[in-house]
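Numbering (the numbering used here), first residue to last: 143 to 574.
I have placed the structure first, in the form of structure tokens, so that the comments after it can refer back to it.
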Ligand code: AMP
Ligand code: GLY
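This is the structure:
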């Protein structure tokens with residue numbers, strides 16, 4: 143098969159690495175890709191936002207399957223356009239991707255179908271939003287409705303902070319795109335206590351199969367401090383989701399969602415990524431993403447024993463009913479190396495050395511998140527730049543391997559967290 147992968151991050155490098163290993167893959171092309179992906183696939187400079195250009199490229203290159211990595215093209219309807227042109231595409235349609243593109247849509251779907259989630263209100267103006275805040279009190283969570291590149295959520299500890307967030311969001315203070323939902327809408331939610339986990343399910347419109355779980359570290363600095371980021375590290379599996387909890391998540395959250403999406407004529411295909419709060423009384427949905435997580439995919443792919451390509455095809459073709467995927471029981475962990483300044487302003491173009499020596503550490507795989515080749519040199523070309531990933535018999539071993547690899551990388555312009563996986567390592571020391 144000829145496969146076209148869309149995207150350029152560490153998630154796409156991990157997907158490319160796994161798909162390149164499939165006996166089903168003849169040609170693997172990635173648009174636009176990065177310096178690491180270029181080792182697994184041919185990288186082409188295609189404008190992913192130009193659907194007609196992507197379709198023309200698929201026809202010229204006899205592409206059998208398009209795999210869409212990030213959410214923006216999904217919410218822009220690239221799967222609809224490819225399928226309408228007779229090209230198979232993995233991922234949800236525009237209508238189905240509203241599960242990520244509009245928080246209000248997802249909250250309403252949860253309410254209508256009894257799916258456990260935080261109590262909420264939807265607002266299109268600041269004054270009623272503030273009245274709701276005052277009635278509820280802090281802590282409370284304020285969210286922009288549409289895609290906001292991770293900048294649309296404020297967990298407010300005080301009423302003043304919550305009101306400021308409302309003013310900021312209605313004042314146009316964040317780059318909210320209106321791809322998925324109505325313009326200028328804010329969702330206000332009850333604050334949920336508990337421990338978070340990321341849960342991944344593969345869906346074909348009718349059937350969902352649980353993949354595996356992960357936990358990520360969203361804050362920039364050690365001790366889970368500092369600004370929120372796209373994710374500074376992750377590990378899999380999530381220690382707070384055992385088989386019984388996984389079955390509850392499927393029965394109480396994922397399956398009713400799939401049923402509801404089908405009933406409204408927008409059957410969900412692709413990866414459904416549920417961000418969960420595991421509370422004392424059970425799992426609650428924080429949010430959905432319509433794609434694989436980044437950096438969670440990097441650890442998922444290290445643990446996936448089965449071939450990924452038939453699974454993606456079965457999702458697209460509606461054939462997941464009797465499908466089974468196998469996973470290595472060993473945990474995997476990834477540490478993100480980011481450019482100093484991320485998630486704020488940062489420089490591009492610094493030189494990264496020592497990657498070959500780092501990759502020699504046992505169990506280690508280095509995925510590139512934002513790099514560019516310059517002859518034989520590798521240059522930083524993004525905020526999140528490398529995902530230094532490792533598998534081990536324990537989280538502690540995977541963690542030690544990843545940090546050993548990092549110690550071999552020479553990149554003074556970068557930084558990383560030193561405590562990725564701390565929660566899981568603590569649990570290994572004193573299991574509960
Ligand atoms: P999101 O962008 O929706 O993933 O939210 C970012 C982070 O905000 C989540 O990972 C949670 O840590 C936190 N968060 C979002 N909603 C809630 C909530 N209702 N209660 C507590 N924390 C939340
Ligand atoms: N790691 C969070 C995300 O992919 O949205």
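In this text, a Cβ means the ideal position worked out from N, Cα and C, and glycines have one as well.
As the structure is a prediction and not an experimental result, all values here were calculated from the model.
Item to check | Beta-carbon proximity list for residue 394, same chain, < 8 Å, skipping 5 on both sides | outcome: Here residue 394 refers to the residue found at position 252 of the chain shown. 257, 258, 424 and 425, listed in sequence order.
Item to check | Residue from 476, 484, 569 and 520 with nearest C-alpha to residue 534 | outcome: Counting from one through the chain shown, the residue named residue 534 turns up at place 392. For residue 534, the nearest C-alpha among the options comes from 476.
Next on the checklist: Per the DSSP calculation, residue 377 is bridged to which residue(s)?
Outcome noted: The residue you call residue 377 lines up with position 235 of the chain shown. According to DSSP, which records beta bridges pairwise, residue 377 is partnered with 357 and 475.
Next on the checklist: Measuring alpha carbon to alpha carbon, tell me which residue in 153, 221 and 520 is nearest residue 196.
Outcome noted: The residue given as residue 196 occupies position 54 in the chain shown. For the residues 153, 221 and 520, the minimum Cα distance to residue 196 belongs to 221.
Checklist entry - Taking three-plus beta-carbon pairs below 8 Å as touching, is the stretch 235 to 254 in contact with the stretch 399 to 413? => result yes
Checklist entry - Rounded to the nearest angstrom, how far is the Cβ of residue 381 from that of residue 485, given a contact under 8 Å? => result As a working mapping, residue 381 is identified with position 239 in the chain shown. As a working mapping, residue 485 is identified with position 343 in the chain shown. Contact flag wrong, Cβ pair sits at about 27 Å.
Item to check | Coil, strand or helix - residue 233 by DSSP | outcome: Start at 1 with the first residue of the chain shown, and residue 233 comes out as number 91. Residue 233 falls in the coil class under three-state DSSP.
Item to check | Given residue 145 as reference, the closest of 153, 199 and 191 once Cα atoms are compared | outcome: Counting from 1 along the chain shown, the entry for residue 145 is found at position 3. Comparing Cα positions, the closest option is 199.
Checklist entry - Can we count residue 373 as close to ligand 2, meaning its CB is less than 7 Å from some heavy atom? => result To locate residue 373, count along the chain shown from 1; it is residue 231. Residue 373 Cβ: within cutoff of ligand 2.
Item to check | Sufficient close CB pairs (3 or more, under 8 Å) joining the stretch 172 to 190 to the stretch 555 to 562 | outcome: no
Next on the checklist: For ligand 3, is there any heavy atom lying closer than 7 Å to the beta carbon of residue 438?
Outcome noted: Looking for ligand 3 in the displayed structure turns up nothing; the ligands present are ligand 1 and ligand 2.
Checklist entry - Taking Cβ positions, are residue 386 and residue 473 nearer each other than 8 Å? => result Stepping through the chain shown from its first residue, residue 386 is reached at position 244. Stepping through the chain shown from its first residue, residue 473 is reached at position 331. Cβ distance not < 8 Å, so residue 386 and residue 473 don't count as in contact.
Item to check | Nearest residue (CA-CA) to residue 166, options 432, 348, 449 and 509 | outcome: Within the chain shown, the letter at position 24 stands for residue 166. Out of 432, 348, 449 and 509, 449 has the C-alpha closest to the C-alpha of residue 166.
Checklist entry - Taking 7 Å as the cut-off, is the CB of residue 370 close to at least one heavy atom of ligand 2? => result Position 228 of the chain shown, counting from 1, holds the residue named residue 370. The answer is no for residue 370.
Checklist entry - What does DSSP give as the partner residues of residue 282 in its beta bridges? => result What you label residue 282 is simply residue 140 of the chain shown in a count that begins at 1. Note: residue 282 sits in a beta bridge opposite 298 and 332.
Item to check | CA-to-CA distance, residue 301 to residue 279, given in whole angstroms | outcome: For the purposes of this step, residue 279 is taken as residue 137 along the chain shown, with counting starting at 1. For the purposes of this step, residue 301 is taken as residue 159 along the chain shown, with counting starting at 1. Straight-line Cα distance between these residues: approximately 6 Å.
Item to check | N-terminal and C-terminal residue of the beta strand (DSSP E) that residue 255 is part of | outcome: Position 113 of the chain shown, counted from the start, is the residue given in the question as residue 255. First-last for residue 255: 245 to 255, but that is the alpha helix (DSSP H), not the beta strand (DSSP E).
Checklist entry - Shortest alpha-carbon distance to residue 399 belongs to which of 360, 346 and 371? => result As a first step, residue 399 must be located in the chain shown, where it is residue number 257. When each option's Cα is compared against that of residue 399, the closest is 346.
Checklist entry - Under 8 Å, do residue 148 and residue 190 count as touching if we go by C-beta distance? => result Locating residue 148 in the chain shown gives position 6, where the first residue counts as 1. Locating residue 190 in the chain shown gives position 48, where the first residue counts as 1. Result yes, Cβ atoms of residue 148 and residue 190 sit closer than 8 Å.
Checklist entry - Anyone know if the C-beta pair for residue 283 and residue 327 falls short of 8 Å? => result Mapped onto the chain shown, residue 283 falls at position 141. Mapped onto the chain shown, residue 327 falls at position 185. No, the Cβ-Cβ distance between residue 283 and residue 327 is not below 8 Å.
Checklist entry - Using DSSP with H/G/I as helix, E/B as strand and the rest coil, what is residue 571? => result In the chain shown, the residue the question calls residue 571 occupies position 429. Correct three-state label for residue 571: helix.
Checklist entry - Is the stretch 262 to 280 touching the stretch 336 to 355, taking contact as three or more C-beta pairs under 8 Å? => result no
Next on the checklist: Rounded to the nearest angstrom, what separates residue 566 and residue 376 at their Cα positions?
Outcome noted: For the purposes of this step, residue 566 is taken as residue 424 along the chain shown, with counting starting at 1. For the purposes of this step, residue 376 is taken as residue 234 along the chain shown, with counting starting at 1. C-alpha separation (whole angstroms): 10 Å.
Item to check | Paired residues, beta bridge with residue 552 - DSSP | outcome: Stepping through the chain shown from its first residue, residue 552 is reached at position 410. Residue 552 is bridged to 495.
Checklist entry - Does the Cβ of residue 428 lie closer than 7 Å to at least one heavy atom of ligand 1? => result The count along the chain shown starts at 1 and reaches residue 428 at position 286. Correct: residue 428 has its Cβ closer than 7 Å to ligand 1.
Checklist entry - Hey, is residue 529 close to ligand 2, as in C-beta under 7 Å from one of its heavy atoms? => result As a working note, residue 529 is residue 387 in the chain shown. Result no, Cβ not under 7 Å from ligand 2.
Checklist entry - Going by DSSP, what residues sit across from residue 470 in a beta bridge? => result In the chain shown, residue 470 corresponds to position 328, counting from 1. For residue 470, which the question treats as bridged, DSSP gives no partner whatsoever.
Checklist entry - If we call anything under 8 Å between Cβ atoms a contact, is residue 391 one with residue 414? => result Numbered from 1 along the chain shown, position 249 holds the residue referred to as residue 391. Numbered from 1 along the chain shown, position 272 holds the residue referred to as residue 414. Their beta carbons are not under 8 Å apart, which means residue 391 does not touch residue 414 by this criterion.
Next on the checklist: Classify residue 354: buried if its beta carbon has 16 or more other beta carbons within 10 angstroms, exposed otherwise.
Outcome noted: What you label residue 354 is simply residue 212 of the chain shown in a count that begins at 1. Flag for residue 354 reads buried.
Checklist entry - Would you report the Cα separation of residue 304 and residue 251, rounded to the nearest angstrom? => result Counting from 1 along the chain shown, the entry for residue 304 is found at position 162. Counting from 1 along the chain shown, the entry for residue 251 is found at position 109. Each residue's Cα considered, the two are about 25 Å apart.
Checklist entry - residue 571: buried (16+ other C-beta within 10 angstroms of its C-beta) or exposed? => result Along the chain shown, one-based indexing puts residue 571 at 429. Result: exposed.
Next on the checklist: Suppose the cutoff is 7 Å on Cβ atoms and the five residues either side in sequence are ignored; what does the same chain contact list for residue 320 look like?
Outcome noted: For this step, residue 320 is matched to residue 178 along the chain shown. Unreliable placement is indicated for residue 320, whose pLDDT of 39 sits below 50; the coordinate value is still reported in the next sentence. Correct list, in chain order: 288.
Checklist entry - Between which two residues does the alpha helix (DSSP H) carrying residue 162 extend? => result One-based indexing of the chain shown puts residue 162 at position 20. Per DSSP, residue 162 belongs to the alpha helix (DSSP H) from 152 to 162.
Checklist entry - From residue 435 to residue 273, what does the alpha carbon distance come to, in whole angstroms? => result By one-based count along the chain shown, residue 435 stands at place 293. By one-based count along the chain shown, residue 273 stands at place 131. When rounded, the distance between both Cα atoms is 35 Å.
Next on the checklist: On a Cα-Cα basis, can you pick out the residue from 193, 517 and 490 that is closest to residue 227?
Outcome noted: The sequence position of residue 227 within the chain shown is 85, counting from 1. The shortest C-alpha separation from residue 227 is found at 193.
Checklist entry - Taking Cβ to Cβ, would you say residue 153 is nearer than 8 Å to residue 243? => result As a working mapping, residue 153 is identified with position 11 in the chain shown. As a working mapping, residue 243 is identified with position 101 in the chain shown. Taking 8 Å as the Cβ cut-off, residue 153 and residue 243 do not qualify as a contacting pair.
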